[in-house]
Amino acid sequence: MRRGRLAAIALVVAGLASAQAPEEAAKRFVLAYVSYAPESSVDVRVDARVTTPMGPYVVATARRSSLRGGEPEQLSLLIDPQSRQVTVGPLMPLPPTNPPLSASTMPGFVETVLTPLLSGAMGSRVRIRWPSTPTRTTAVVTLAAEIASGYGWVRMPAAITMDGKYFMLGSTWPLDRDPRATRREMLRDARVSWDPGHESAVVQLVEFSDFQCPACKYHWATVKEVLDKIGSSVRHGMVNYPLTQSHPWAFAAAVAGECIGEIWPDHFLGLKEEFYRLQDSMSVETVKDAALGYLTQQALPERPFSDCFMKDPVVEVVLRQIELAQRLGVVATPTYFANGEVLAPGNKDWMSKRLRAIIAAKGLPEGAAEIKPEPTPATSPAPGAKPPVAHPAAPLPTRNR
40 MRRGRLAAIA
50 LVVAGLASAQ
60 APEEAAKRFV
70 LAYVSYAPES
80 SVDVRVDARV
90 TTPMGPYVVA
100 TARRSSLRGG
110 EPEQLSLLID
120 PQSRQVTVGP
130 LMPLPPTNPP
140 LSASTMPGFV
150 ETVLTPLLSG
160 AMGSRVRIRW
170 PSTPTRTTAV
180 VTLAAEIASG
190 YGWVRMPAAI
200 TMDGKYFMLG
210 STWPLDRDPR
220 ATRREMLRDA
230 RVSWDPGHES
240 AVVQLVEFSD
250 FQCPACKYHW
260 ATVKEVLDKI
270 GSSVRHGMVN
280 YPLTQSHPWA
290 FAAAVAGECI
300 GEIWPDHFLG
310 LKEEFYRLQD
320 SMSVETVKDA
330 ALGYLTQQAL
340 PERPFSDCFM
350 KDPVVEVVLR
360 QIELAQRLGV
370 VATPTYFANG
380 EVLAPGNKDW
390 MSKRLRAIIA
400 AKGLPEGAAE
410 IKPEPTPATS
420 PAPGAKPPVA
430 HPAAPLPTRN
440 R
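Position in the sequence shown (from 1) plus 39 gives the number in the numbering used here.
And the structure:
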(Lines of atoms letter the chains of each structure in order from A; the text may use other names.)
(Lines give C-alpha, C1' and ligand atoms only; values in the text may rest on other atoms or scores of the structure.)
Protein backbone atom coordinates (compact mmCIF):
# COMPACT_ATOMS: atom_id res chain seq x y z
CA MET A 40 0.00 0.00 0.00
CA ARG A 41 2.78 2.39 0.99
CA ARG A 42 4.70 1.55 -2.19
CA GLY A 43 1.60 2.38 -4.23
CA ARG A 44 1.25 5.76 -2.52
CA LEU A 45 4.92 6.53 -3.14
CA ALA A 46 4.48 5.65 -6.80
CA ALA A 47 1.45 7.93 -7.04
CA ILE A 48 3.36 10.78 -5.38
CA ALA A 49 6.26 10.19 -7.77
CA LEU A 50 3.89 10.46 -10.73
CA VAL A 51 2.45 13.72 -9.41
CA VAL A 52 5.94 15.15 -8.85
CA ALA A 53 7.00 14.05 -12.34
CA GLY A 54 3.90 15.66 -13.78
CA LEU A 55 4.62 18.93 -12.00
CA ALA A 56 8.24 18.85 -13.17
CA SER A 57 7.07 18.26 -16.72
CA ALA A 58 4.61 21.15 -16.47
CA GLN A 59 7.38 23.46 -15.24
CA ALA A 60 9.93 22.31 -17.79
CA PRO A 61 9.03 24.87 -20.51
CA GLU A 62 9.53 27.76 -18.09
CA GLU A 63 12.86 26.39 -16.91
CA ALA A 64 13.96 25.91 -20.51
CA ALA A 65 12.80 29.46 -21.23
CA LYS A 66 15.13 30.81 -18.53
CA ARG A 67 18.12 29.14 -20.16
CA PHE A 68 16.99 30.31 -23.60
CA VAL A 69 16.52 33.95 -22.57
CA LEU A 70 19.87 34.08 -20.79
CA ALA A 71 21.57 33.16 -24.09
CA TYR A 72 19.19 35.25 -26.24
CA VAL A 73 19.65 38.69 -24.66
CA SER A 74 22.82 40.78 -24.78
CA TYR A 75 25.64 39.48 -22.61
CA ALA A 76 26.09 41.02 -19.18
CA PRO A 77 28.05 39.56 -16.25
CA GLU A 78 26.20 38.00 -13.32
CA SER A 79 22.89 37.83 -15.19
CA SER A 80 19.81 36.08 -13.86
CA VAL A 81 16.44 35.49 -15.52
CA ASP A 82 12.99 35.26 -14.00
CA VAL A 83 10.08 33.91 -16.07
CA ARG A 84 6.54 34.83 -15.06
CA VAL A 85 3.66 32.85 -16.57
CA ASP A 86 0.92 35.26 -17.67
CA ALA A 87 -1.39 32.63 -19.17
CA ARG A 88 -1.40 28.86 -19.48
CA VAL A 89 -3.98 27.80 -22.07
CA THR A 90 -5.15 24.45 -23.42
CA THR A 91 -6.68 24.26 -26.90
CA PRO A 92 -7.93 21.28 -28.95
CA MET A 93 -4.56 21.45 -30.74
CA GLY A 94 -2.59 21.38 -27.51
CA PRO A 95 -1.35 23.77 -24.80
CA TYR A 96 0.56 27.04 -24.99
CA VAL A 97 2.10 29.38 -22.45
CA VAL A 98 2.27 33.18 -22.51
CA ALA A 99 5.12 34.42 -20.34
CA THR A 100 7.21 37.46 -19.50
CA ALA A 101 10.96 37.07 -18.96
CA ARG A 102 12.96 39.61 -16.97
CA ARG A 103 16.76 39.65 -16.99
CA SER A 104 18.74 41.39 -14.23
CA SER A 105 22.51 41.88 -14.24
CA LEU A 106 25.39 44.07 -13.10
CA ARG A 107 24.25 46.57 -15.72
CA GLY A 108 21.66 47.77 -13.21
CA GLY A 109 18.61 49.84 -14.01
CA GLU A 110 15.29 48.33 -15.01
CA PRO A 111 15.47 44.61 -15.86
CA GLU A 112 15.41 43.79 -19.56
CA GLN A 113 11.99 42.37 -20.43
CA LEU A 114 10.82 40.00 -23.18
CA SER A 115 7.41 38.59 -24.11
CA LEU A 116 7.40 34.85 -24.86
CA LEU A 117 4.88 32.58 -26.57
CA ILE A 118 5.84 29.00 -25.71
CA ASP A 119 4.60 25.87 -27.48
CA PRO A 120 5.37 22.95 -25.11
CA GLN A 121 4.44 20.32 -27.72
CA SER A 122 6.80 21.48 -30.45
CA ARG A 123 9.32 22.80 -27.89
CA GLN A 124 9.47 26.17 -29.62
CA VAL A 125 9.32 29.74 -28.35
CA THR A 126 8.37 32.92 -30.20
CA VAL A 127 9.92 36.19 -29.00
CA GLY A 128 8.52 39.62 -29.83
CA PRO A 129 5.76 42.12 -29.10
CA LEU A 130 2.59 40.31 -28.00
CA MET A 131 -0.75 41.47 -29.38
CA PRO A 132 -3.92 40.20 -27.64
CA LEU A 133 -6.65 39.80 -30.26
CA PRO A 134 -10.33 40.70 -29.84
CA PRO A 135 -12.64 37.76 -29.03
CA THR A 136 -14.69 36.18 -31.81
CA ASN A 137 -18.21 34.77 -31.74
CA PRO A 138 -18.34 31.86 -32.29
CA PRO A 139 -14.86 30.94 -31.03
CA LEU A 140 -12.29 30.07 -33.67
CA SER A 141 -11.50 26.50 -34.64
CA ALA A 142 -8.87 24.80 -36.79
CA SER A 143 -11.20 25.02 -39.80
CA THR A 144 -12.01 28.73 -39.38
CA MET A 145 -8.52 29.94 -38.41
CA PRO A 146 -7.17 30.31 -42.00
CA GLY A 147 -10.08 32.53 -43.00
CA PHE A 148 -9.71 34.60 -39.82
CA VAL A 149 -6.02 35.22 -40.49
CA GLU A 150 -6.51 36.28 -44.10
CA THR A 151 -9.76 38.26 -43.83
CA VAL A 152 -9.82 39.62 -40.26
CA LEU A 153 -6.28 39.70 -38.86
CA THR A 154 -4.70 41.08 -42.03
CA PRO A 155 -6.84 44.27 -42.22
CA LEU A 156 -6.53 44.66 -38.44
CA LEU A 157 -2.74 44.75 -38.74
CA SER A 158 -2.89 47.02 -41.79
CA GLY A 159 -4.84 49.57 -39.77
CA ALA A 160 -2.54 49.31 -36.77
CA MET A 161 0.62 49.68 -38.86
CA GLY A 162 -0.66 52.21 -41.35
CA SER A 163 0.59 50.09 -44.24
CA ARG A 164 -0.58 47.26 -46.46
CA VAL A 165 -0.12 43.83 -44.92
CA ARG A 166 -0.41 40.38 -46.50
CA ILE A 167 -0.63 37.16 -44.50
CA ARG A 168 -1.28 33.78 -46.08
CA TRP A 169 -2.17 30.74 -44.03
CA PRO A 170 0.50 28.05 -44.62
CA SER A 171 -0.67 25.77 -47.44
CA THR A 172 1.40 22.88 -46.08
CA PRO A 173 1.80 23.62 -42.37
CA THR A 174 3.95 21.49 -40.14
CA ARG A 175 2.27 19.32 -37.54
CA THR A 176 -0.47 21.56 -36.16
CA THR A 177 0.00 22.51 -32.52
CA ALA A 178 -1.39 25.32 -30.38
CA VAL A 179 0.94 27.91 -31.97
CA VAL A 180 1.28 28.32 -35.74
CA THR A 181 4.14 30.26 -37.33
CA LEU A 182 3.30 32.72 -40.09
CA ALA A 183 4.99 35.26 -42.35
CA ALA A 184 3.56 38.78 -42.45
CA GLU A 185 4.46 40.69 -45.62
CA ILE A 186 4.46 44.43 -45.08
CA ALA A 187 4.60 47.11 -47.78
CA SER A 188 7.52 49.39 -46.98
CA GLY A 189 7.29 51.82 -49.88
CA TYR A 190 10.50 50.30 -51.23
CA GLY A 191 9.10 46.79 -51.56
CA TRP A 192 7.57 44.00 -49.50
CA VAL A 193 9.30 42.98 -46.26
CA ARG A 194 8.62 39.53 -44.79
CA MET A 195 8.41 39.50 -41.01
CA PRO A 196 8.20 36.33 -38.89
CA ALA A 197 5.07 35.98 -36.78
CA ALA A 198 2.98 33.47 -34.84
CA ILE A 199 -0.64 33.07 -33.75
CA THR A 200 -2.30 30.84 -31.17
CA MET A 201 -4.85 28.41 -32.58
CA ASP A 202 -7.60 29.86 -30.39
CA GLY A 203 -7.04 33.28 -31.99
CA LYS A 204 -6.32 34.98 -28.67
CA TYR A 205 -2.73 36.07 -29.28
CA PHE A 206 -0.61 37.23 -32.22
CA MET A 207 3.10 37.94 -32.03
CA LEU A 208 5.48 39.62 -34.48
CA GLY A 209 8.78 37.86 -33.96
CA SER A 210 10.88 34.83 -34.77
CA THR A 211 10.19 31.33 -33.50
CA TRP A 212 13.17 29.49 -32.02
CA PRO A 213 13.94 25.96 -30.78
CA LEU A 214 13.33 26.19 -27.03
CA ASP A 215 16.00 23.67 -26.10
CA ARG A 216 18.78 24.91 -28.40
CA ASP A 217 21.13 27.74 -27.59
CA PRO A 218 20.00 30.72 -29.73
CA ARG A 219 23.61 31.77 -30.21
CA ALA A 220 24.22 28.62 -32.25
CA THR A 221 21.05 29.27 -34.26
CA ARG A 222 22.14 32.85 -34.95
CA ARG A 223 25.57 31.72 -36.11
CA GLU A 224 23.91 29.55 -38.72
CA MET A 225 21.66 32.43 -39.83
CA LEU A 226 24.64 34.76 -40.19
CA ARG A 227 26.91 32.23 -41.92
CA ASP A 228 25.65 33.01 -45.43
CA ALA A 229 24.49 36.58 -44.76
CA ARG A 230 25.59 39.46 -46.96
CA VAL A 231 27.99 41.35 -44.69
CA SER A 232 30.17 44.33 -45.62
CA TRP A 233 33.42 43.25 -43.95
CA ASP A 234 36.20 45.57 -42.89
CA PRO A 235 39.45 44.84 -44.77
CA GLY A 236 41.61 42.02 -43.38
CA HIS A 237 41.29 39.46 -40.57
CA GLU A 238 39.62 36.88 -42.84
CA SER A 239 40.78 34.01 -40.60
CA ALA A 240 39.66 35.58 -37.32
CA VAL A 241 38.28 33.34 -34.57
CA VAL A 242 35.39 35.73 -33.90
CA GLN A 243 33.14 37.47 -36.41
CA LEU A 244 31.59 40.62 -34.95
CA VAL A 245 28.59 41.52 -37.11
CA GLU A 246 27.07 44.96 -36.59
CA PHE A 247 23.47 45.79 -37.51
CA SER A 248 23.45 49.51 -37.94
CA ASP A 249 21.89 52.60 -39.48
CA PHE A 250 23.93 55.44 -40.96
CA GLN A 251 21.52 58.06 -39.57
CA CYS A 252 21.50 56.58 -36.05
CA PRO A 253 23.33 58.86 -33.54
CA ALA A 254 23.91 55.92 -31.17
CA CYS A 255 25.56 53.96 -34.00
CA LYS A 256 27.95 56.83 -34.65
CA TYR A 257 28.67 57.32 -30.95
CA HIS A 258 29.36 53.66 -30.15
CA TRP A 259 31.41 53.04 -33.29
CA ALA A 260 34.28 55.07 -31.81
CA THR A 261 34.35 52.78 -28.76
CA VAL A 262 33.97 49.56 -30.74
CA LYS A 263 36.71 50.62 -33.15
CA GLU A 264 39.08 51.20 -30.22
CA VAL A 265 38.30 47.73 -28.84
CA LEU A 266 38.89 46.13 -32.25
CA ASP A 267 42.21 47.93 -32.70
CA LYS A 268 43.47 46.58 -29.36
CA ILE A 269 42.32 42.99 -29.93
CA GLY A 270 43.78 42.78 -33.43
CA SER A 271 43.44 39.97 -35.94
CA SER A 272 41.41 37.60 -33.74
CA VAL A 273 38.19 39.52 -34.50
CA ARG A 274 36.75 40.35 -37.91
CA HIS A 275 34.18 43.15 -38.00
CA GLY A 276 31.50 43.73 -40.60
CA MET A 277 28.20 45.54 -41.00
CA VAL A 278 24.69 44.66 -42.15
CA ASN A 279 22.29 47.49 -42.95
CA TYR A 280 19.22 47.94 -40.79
CA PRO A 281 17.79 51.36 -41.72
CA LEU A 282 15.08 52.48 -39.28
CA THR A 283 13.18 54.55 -41.80
CA GLN A 284 10.22 55.40 -39.58
CA SER A 285 12.50 57.70 -37.58
CA HIS A 286 15.42 58.20 -39.99
CA PRO A 287 14.30 59.65 -43.35
CA TRP A 288 17.57 59.25 -45.28
CA ALA A 289 18.72 55.96 -43.73
CA PHE A 290 17.40 53.68 -46.49
CA ALA A 291 19.00 55.68 -49.31
CA ALA A 292 22.27 55.73 -47.36
CA ALA A 293 22.08 51.95 -46.89
CA VAL A 294 21.63 51.53 -50.64
CA ALA A 295 24.60 53.82 -51.29
CA GLY A 296 26.68 51.79 -48.86
CA GLU A 297 25.73 48.53 -50.55
CA CYS A 298 26.65 49.92 -53.98
CA ILE A 299 30.07 51.09 -52.85
CA GLY A 300 30.64 47.94 -50.78
CA GLU A 301 29.84 45.76 -53.78
CA ILE A 302 31.93 47.71 -56.30
CA TRP A 303 34.82 48.75 -54.01
CA PRO A 304 34.67 46.52 -50.88
CA ASP A 305 37.65 48.18 -49.21
CA HIS A 306 35.86 51.55 -49.28
CA PHE A 307 32.67 50.62 -47.43
CA LEU A 308 34.17 51.48 -44.04
CA GLY A 309 35.40 54.83 -45.33
CA LEU A 310 31.92 55.71 -46.62
CA LYS A 311 30.39 54.68 -43.28
CA GLU A 312 32.64 57.09 -41.42
CA GLU A 313 31.98 59.82 -43.98
CA PHE A 314 28.22 59.44 -43.48
CA TYR A 315 28.76 59.62 -39.72
CA ARG A 316 30.81 62.80 -40.17
CA LEU A 317 28.02 64.39 -42.22
CA GLN A 318 25.20 62.91 -40.13
CA ASP A 319 23.85 66.19 -38.73
CA SER A 320 23.61 67.90 -42.12
CA MET A 321 22.42 65.14 -44.47
CA SER A 322 18.95 64.68 -45.97
CA VAL A 323 17.25 62.33 -48.41
CA GLU A 324 18.14 64.70 -51.22
CA THR A 325 21.86 64.91 -50.36
CA VAL A 326 22.69 61.21 -49.84
CA LYS A 327 23.75 60.65 -53.43
CA ASP A 328 25.80 63.86 -53.51
CA ALA A 329 27.55 62.86 -50.27
CA ALA A 330 28.43 59.46 -51.73
CA LEU A 331 29.67 61.03 -54.96
CA GLY A 332 31.73 63.48 -52.93
CA TYR A 333 33.38 60.57 -51.14
CA LEU A 334 34.17 58.91 -54.48
CA THR A 335 35.78 62.13 -55.69
CA GLN A 336 37.94 62.27 -52.54
CA GLN A 337 39.09 58.71 -53.23
CA ALA A 338 39.65 59.30 -56.98
CA LEU A 339 37.03 56.66 -57.86
CA PRO A 340 34.76 56.86 -60.93
CA GLU A 341 31.15 58.01 -60.49
CA ARG A 342 29.52 55.98 -63.27
CA PRO A 343 29.51 52.52 -61.61
CA PHE A 344 27.91 53.99 -58.49
CA SER A 345 25.27 55.96 -60.42
CA ASP A 346 24.36 52.82 -62.38
CA CYS A 347 23.74 51.02 -59.07
CA PHE A 348 22.21 53.61 -56.73
CA MET A 349 18.49 53.04 -55.90
CA LYS A 350 18.13 50.40 -58.63
CA ASP A 351 15.86 47.42 -57.91
CA PRO A 352 18.60 44.79 -57.32
CA VAL A 353 20.38 46.75 -54.59
CA VAL A 354 17.09 47.91 -53.04
CA GLU A 355 16.17 44.22 -52.75
CA VAL A 356 19.48 43.54 -50.99
CA VAL A 357 18.69 46.12 -48.29
CA LEU A 358 15.12 44.81 -47.89
CA ARG A 359 16.51 41.31 -47.35
CA GLN A 360 18.94 42.69 -44.76
CA ILE A 361 15.99 44.19 -42.87
CA GLU A 362 14.34 40.77 -42.96
CA LEU A 363 17.48 39.15 -41.57
CA ALA A 364 17.55 41.63 -38.70
CA GLN A 365 13.93 40.78 -37.91
CA ARG A 366 14.62 37.03 -37.95
CA LEU A 367 17.61 37.48 -35.63
CA GLY A 368 15.53 39.48 -33.17
CA VAL A 369 17.34 42.81 -33.54
CA VAL A 370 15.34 45.35 -31.53
CA ALA A 371 17.58 48.43 -31.75
CA THR A 372 20.57 49.89 -33.54
CA PRO A 373 23.39 49.36 -33.13
CA THR A 374 23.31 45.64 -32.32
CA TYR A 375 26.51 43.57 -32.37
CA PHE A 376 26.67 39.77 -32.70
CA ALA A 377 29.93 38.09 -31.66
CA ASN A 378 29.68 34.60 -33.18
CA GLY A 379 25.95 34.73 -32.49
CA GLU A 380 26.03 36.35 -29.03
CA VAL A 381 24.67 39.87 -28.61
CA LEU A 382 27.26 42.26 -27.16
CA ALA A 383 26.12 45.65 -25.93
CA PRO A 384 28.58 48.35 -27.04
CA GLY A 385 28.03 50.70 -24.10
CA ASN A 386 30.85 49.39 -21.89
CA LYS A 387 34.32 49.11 -23.41
CA ASP A 388 35.67 46.98 -20.56
CA TRP A 389 32.84 44.44 -20.83
CA MET A 390 33.00 44.19 -24.61
CA SER A 391 36.77 43.80 -24.71
CA LYS A 392 36.84 41.15 -21.98
CA ARG A 393 33.91 39.22 -23.45
CA LEU A 394 35.49 39.15 -26.91
CA ARG A 395 38.72 37.83 -25.38
CA ALA A 396 36.74 35.20 -23.46
CA ILE A 397 35.05 34.04 -26.67
CA ILE A 398 38.42 33.92 -28.43
CA ALA A 399 39.80 31.80 -25.56
CA ALA A 400 36.79 29.47 -25.97
CA LYS A 401 37.79 28.93 -29.63
CA GLY A 402 34.98 31.14 -30.89
CA LEU A 403 32.10 29.56 -28.98
CA PRO A 404 30.37 32.05 -26.66
CA GLU A 405 28.41 29.15 -25.14
CA GLY A 406 31.66 27.86 -23.67
CA ALA A 407 33.22 31.21 -22.78
CA ALA A 408 34.06 31.96 -19.16
CA GLU A 409 32.22 34.69 -17.26
CA ILE A 410 34.11 37.96 -17.29
CA LYS A 411 35.19 39.91 -14.22
CA PRO A 412 34.29 43.53 -14.89
CA GLU A 413 36.09 46.54 -13.53
CA PRO A 414 34.43 48.03 -10.42
CA THR A 415 33.86 51.27 -12.34
CA PRO A 416 32.79 51.11 -16.02
CA ALA A 417 35.69 52.10 -18.25
CA THR A 418 33.45 54.06 -20.60
CA SER A 419 31.60 56.24 -18.10
CA PRO A 420 30.60 59.48 -19.85
CA ALA A 421 32.02 62.77 -18.70
CA PRO A 422 29.95 64.69 -16.11
CA GLY A 423 26.91 66.20 -17.77
CA ALA A 424 27.39 64.14 -20.93
CA LYS A 425 24.97 61.41 -21.93
CA PRO A 426 25.53 58.97 -24.80
CA PRO A 427 22.77 58.73 -27.40
CA VAL A 428 20.15 56.09 -26.67
CA ALA A 429 20.09 53.10 -29.02
CA HIS A 430 17.25 53.48 -31.50
CA PRO A 431 14.46 50.91 -31.11
CA ALA A 432 13.51 49.11 -34.30
CA ALA A 433 9.92 49.83 -35.38
CA PRO A 434 7.92 46.84 -36.65
CA LEU A 435 8.15 47.95 -40.26
CA PRO A 436 10.02 50.40 -42.50
CA THR A 437 8.16 53.13 -44.37
CA ARG A 438 9.35 55.14 -47.32
CA ASN A 439 10.44 58.71 -46.80
CA ARG A 440 10.59 60.97 -49.81
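The C-beta atom is built at its ideal place from N, Cα and C for all residues, glycine as well. Source: prediction; values computed, not measured.
Span of the beta strand (DSSP E), counted from its first residue to its last, around residue i
| i | result |
| --- | --- |
| S104 | G94 to S104 |
| T90 | S80 to T91 |
| Q113 | E112 to D119 |
| Y375 | T374 to A377 |
According to DSSP, residues forming a beta bridge with residue i
| i | result |
| --- | --- |
| M390 | DSSP output for M390 lists no bridge partner at all. |
| G276 | W233 and V245 |
| P340 | P340 pairs with nothing; no bridge assigned. |
| A184 | I167 and M195 |
| M207 | L130 and A198 |
| Y75 | L382 |
| V179 | T200 |
| Q124 | D119 and P213 |
Cβ-Cβ separation, residue j to residue i (assumed contact under 8 Å), whole Å
| i | j | result |
| --- | --- | --- |
| L114 | E78 | That belief does not hold up - the Cβ atoms of L114 and E78 are roughly 19 Å apart, past 8 Å. |
| W169 | E185 | W169 to E185, Cβ: 13 Å. No contact. |
| R123 | P213 | 7 Å |
| V85 | V73 | V85 to V73, Cβ: 19 Å. No contact. |
| Q251 | A289 | 4 Å |
| F247 | V278 | 5 Å |
| T126 | V179 | 7 Å |
| G94 | T211 | Contact flag wrong, Cβ pair sits at about 15 Å. |
| A258 | P384 | The question names Ala, yet the displayed sequence has His at residue 258. Yes, H258 and P384 are in contact; Cβ-Cβ is about 4 Å, under 8 Å. |
| L133 | F68 | L133 to F68, Cβ: 25 Å. No contact. |
| L244 | H275 | 5 Å |
| G128 | L208 | 5 Å |
| R187 | R216 | Going by the sequence as given, residue 187 is Ala instead of Arg. About 33 Å separates the two Cβ atoms, so there is no contact after all. |
| L1 | Y75 | The structure shown does not extend to residue 1, since the chain spans only 40 to 440, so no value can be given for it. |
| E405 | A220 | 7 Å |
| F314 | A292 | 6 Å |
| A65 | L116 | 6 Å |
| A99 | I118 | 6 Å |
| V193 | K387 | Contact doesn't hold; Cβ gap of about 34 Å is too wide. |
| I397 | V231 | 18 Å between Cβ atoms; not a contact. |
| T372 | D249 | 5 Å |
| W182 | I167 | Correcting the residue type first, residue 182 is Leu in the shown sequence and not Trp. 6 Å between Cβ atoms; contact. |
| P281 | P427 | So it is not a contact: roughly 17 Å between Cβ atoms. |
| R222 | L367 | 6 Å |
For residue i, the first and last residue of its enclosing alpha helix (DSSP H)
| i | result |
| --- | --- |
| F290 | A289 to I302 |
| M349 | Where M349 is concerned, there is no enclosing alpha helix (DSSP H), given that its DSSP letter is neither H nor E. |
| M225 | P218 to R227 |
| R316 | F307 to R316 |
| Y257 | P253 to I269 |
If we count Cβ pairs, one from each stretch, closer than 8 Å, do we get three or more for the region 374-386 versus the region 331-351? With fewer than three CB-CB distances shorter than 8 Å, the region 374-386 does not count as touching the region 331-351.
Tell me, please, whether the region 59-67 touches the region 353-364 by the rule of three or more beta-carbon pairs shorter than 8 Å. The region 59-67, when compared against the region 353-364, does not touch it at the 8 Å Cβ threshold.
Are the region 199-208 and the region 139-147 touching by the rule of at least three beta carbon pairs closer than 8 Å? Yes, they touch.
Sufficient close CB pairs (3 or more, under 8 Å) joining the region 292-302 to the region 263-270: No contact exists between the region 292-302 and the region 263-270.
Examine the Cβ distances between the region 405-412 and the region 278-297 and report whether three or more of them are shorter than 8 Å. No, the region 405-412 does not touch the region 278-297.
So within the region 128-162, which uninterrupted alpha helix (DSSP H) runs reach at least 4 residues, ignoring any that extend past its ends? The qualifying runs are 145-148 and 154-161.
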